[in-house]
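In my numbering, the protein residues as written are 13 to 518.
Worksheet for the structure shown next.
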């Protein structure tokens with residue numbers, strides 16, 4: 013992206029002393045400043061209820077940057093300058109006086125800068141607090157210019173279809189849709205953004221990007237960590253809400269969407285909504301056939317003892333909440349008729365990995381002798397989002413030697429070869445400041461995504477599982493998830509360690 017500086021900007025971070033601000037937001041803003049994207053007319057205000065002065069808060073932020081920033085070695089370079097942009101406001105967000113203090117601060121900056129700044133209100137708070145803060149912002153009349161004010165919401169956006177609709181209705185009465193940024197950090201990752209460039213800037217892929225050539229698609233978002241003390245949140249969420257409803261369905265949309273006529277934010281989002289609306293909605297029988305849930309028990313993972321989910325703090329002893337989910341979706345349109353999209357996600361699994369696999373149909377091998385086809389493999393495109401960041405295309409090639417022996421080989425574009433890659437939050441924060449909503453979910457997208465998973469949630473809620481816990485830490489989830497894909501003659505693609513500490517799909 014071209015390094016053009018932003019206009020004067022004020023960023024209010026509600027929950028400024030919290031983990032997200034400490035680990036992600038402040039390091040991202042520091043890196044944007046180092047890269048000369050942010051102008052010197054900049055104010056970053058952390059808002060909280062803890063006892064901090066400006067100096068002690070800056071020290072707290074500096075410690076976070078030193079630990080979590082990709083540019084931690086540069087902390088002693090421009091920190092003294094950057095730190096002067098940071099201030100702390102100790103406010104009780106339930107009181108109107110807090111918002112009057114913010115209004116006074118904005119007015120003073122406008123007078124000092126002799127310019128109307130872009131103002132970002134970032135909800136780095138518990139989801140249940142965001143509607144109240146939004147209402148107070150609206151009543152304080154400090155969000156009246158939709159071209160200059162943005163309200164940012166972290167996931168989860170709603171707990172169900174009904175609550176998402178209710179929240180959209182509430183916000184829609186106070187703000188323009190163009191002001192509302194529903195953030196999904198997955199979409200800020202370089203590999204994810206490259207999906208659009210990969211698909212629509214290369215003429216060779218579009219002719220084969222359909223049911224005639226693609227056999228199936230897989231999306232895996234696996235984590236090795238357990239719930240790690242977040243029982244209060246996870247008991248209300250579960251894997252389907254936590255990962256599938258937002259992250260995974262957004263990835264599915266980017267793979268399945270039609271070509272946009274422009275890179276206008278609403279044009280891109282229109283195409284994504286079309287995919288969500290085309291995903292087949294399940295009835296009761298469909299859920300039993302196409303959706304699998306799991307919950308981890310006690311065990312060992314990479315030498316560390318993991319206690320059962322049901323033994324985690326703030327988790328019900330007989331909790332029915334899933335820590336693993338696998339679903340086979342279908343996109344019912346002309347391009348994707350009868351092509352299965354297999355998705356899976358879970359906690360305490362074998363490996364931390366986010367991987368998209370496009371499996372092409374096998375080509376006929378009639379022309380080759382039998383021995384030449386013993387290692388025959390269909391073409392496959394894999395997009396690895398984390399921890400490896402690469403795109404690789406598998407194709408058949410002849411082995412060196414006099415015989416016609418074939419073997420699968422990979423052509424790889426590896427992001428590790430790119431120096432100094434920006435973190436996801438850097439990209440997303442810059443887009444927010446500049447008013448580019450392409451990577452953010454619109455109200456109808458959120459509701460359409462909830463409509464996809466609601467039938468599954470309802471069936472799972474009506475019939476609690478009788479086999480939980482049903483997988484051990486350090487595995488790839490319950491056996492039924494393997495059966496889900498194996499019954500169609502496929503297997504889940506993973507990235508095992510290869511020699512040279514490189515990863516190649518198997």
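In this text, a Cβ means the ideal position worked out from N, Cα and C, and glycines have one as well.
Going by DSSP, what residue range makes up the alpha helix (DSSP H) through residue i?
{"i": "residue 173", "result": "173-186"}
{"i": "residue 38", "result": "38-46"}
{"i": "residue 146", "result": "142-151"}
{"i": "residue 371", "result": "No alpha helix (DSSP H) holds residue 371; the beta strand (DSSP E) holding it covers 365-372."}
{"i": "residue 266", "result": "261-268"}
{"i": "residue 211", "result": "202-212"}
{"i": "residue 198", "result": "No alpha helix (DSSP H) contains residue 198, which DSSP labels as neither H nor E."}
{"i": "residue 247", "result": "243-248"}
Is it buried or exposed for residue i, if we count other Cβ within 10 angstroms and need 16 for buried?
{"i": "residue 478", "result": "exposed"}
{"i": "residue 512", "result": "Confidence at residue 512 is low in this model, with a pLDDT of 38, below 50, so its placement is unreliable and no value can be given for it."}
{"i": "residue 495", "result": "exposed"}
{"i": "residue 457", "result": "buried"}
{"i": "residue 335", "result": "buried"}
{"i": "residue 193", "result": "buried"}
{"i": "residue 406", "result": "buried"}
{"i": "residue 304", "result": "buried"}
{"i": "residue 276", "result": "exposed"}
{"i": "residue 127", "result": "exposed"}
{"i": "residue 14", "result": "Low confidence applies to residue 14: its pLDDT is 45, below 50, so where it sits in the model is not reliable enough to give any reading."}
{"i": "residue 423", "result": "exposed"}
{"i": "residue 64", "result": "buried"}
{"i": "residue 273", "result": "exposed"}
{"i": "residue 26", "result": "buried"}
{"i": "residue 144", "result": "exposed"}
{"i": "residue 346", "result": "exposed"}
{"i": "residue 93", "result": "exposed"}
{"i": "residue 8", "result": "Here the chain has residues from 13 to 518 only, and residue 8 is not among them."}
{"i": "residue 224", "result": "exposed"}
Expressed to the nearest angstrom, what Euclidean distance is found between the alpha-carbon atoms of residue i and residue j?
{"i": "residue 343", "j": "residue 61", "result": "47 Å"}
{"i": "residue 243", "j": "residue 327", "result": "5 Å"}
{"i": "residue 310", "j": "residue 493", "result": "19 Å"}
{"i": "residue 403", "j": "residue 268", "result": "17 Å"}
{"i": "residue 260", "j": "residue 59", "result": "32 Å"}
{"i": "residue 452", "j": "residue 464", "result": "19 Å"}
{"i": "residue 442", "j": "residue 162", "result": "12 Å"}
{"i": "residue 349", "j": "residue 227", "result": "11 Å"}
{"i": "residue 71", "j": "residue 321", "result": "36 Å"}
{"i": "residue 205", "j": "residue 66", "result": "37 Å"}
{"i": "residue 467", "j": "residue 234", "result": "23 Å"}
{"i": "residue 113", "j": "residue 444", "result": "23 Å"}
{"i": "residue 20", "j": "residue 186", "result": "24 Å"}
{"i": "residue 506", "j": "residue 236", "result": "14 Å"}
{"i": "residue 103", "j": "residue 24", "result": "12 Å"}
Going by the DSSP bridge assignment, what does residue i pair with across the sheet?
{"i": "residue 425", "result": "403"}
{"i": "residue 2", "result": "An answer regarding residue 2 cannot be provided, because it is not within the stretch 13 to 518 covered by the chain."}
{"i": "residue 358", "result": "234, 336"}
{"i": "residue 49", "result": "According to DSSP, residue 49 bridges with nothing at all."}
{"i": "residue 133", "result": "24, 163"}
{"i": "residue 487", "result": "361"}
{"i": "residue 219", "result": "Residue 219 pairs with nothing; no bridge assigned."}
{"i": "residue 193", "result": "164"}
{"i": "residue 419", "result": "409"}
Identify the continuous beta strand (DSSP E) that holds residue i and give its terminal residues.
{"i": "residue 70", "result": "Looking at the DSSP string, residue 70 is not in any beta strand (DSSP E); the run it does join, the alpha helix (DSSP H), is 66-80."}
{"i": "residue 447", "result": "Segment: none, residue 447 is in no beta strand (DSSP E) and carries neither H nor E."}
{"i": "residue 60", "result": "54-60"}
{"i": "residue 392", "result": "392-398"}
> Considering only residues of the segment 275-340, which uninterrupted alpha helix (DSSP H) runs meet the minimum length of 4 residues and lie entirely inside it, listed in chain order?
Replying inline: 277-290, 296-302
> What are the start and end residues of each continuous beta strand (DSSP E) run of 3 or more residues lying completely inside the segment 86-111, in chain order?
Replying inline: 98-102
> Quick one: complete alpha helix (DSSP H) runs, 4+ long, within the segment 434-479?
Replying inline: Within the segment 434-479, the complete alpha helix (DSSP H) runs of at least 4 residues are 436-446, 455-474.
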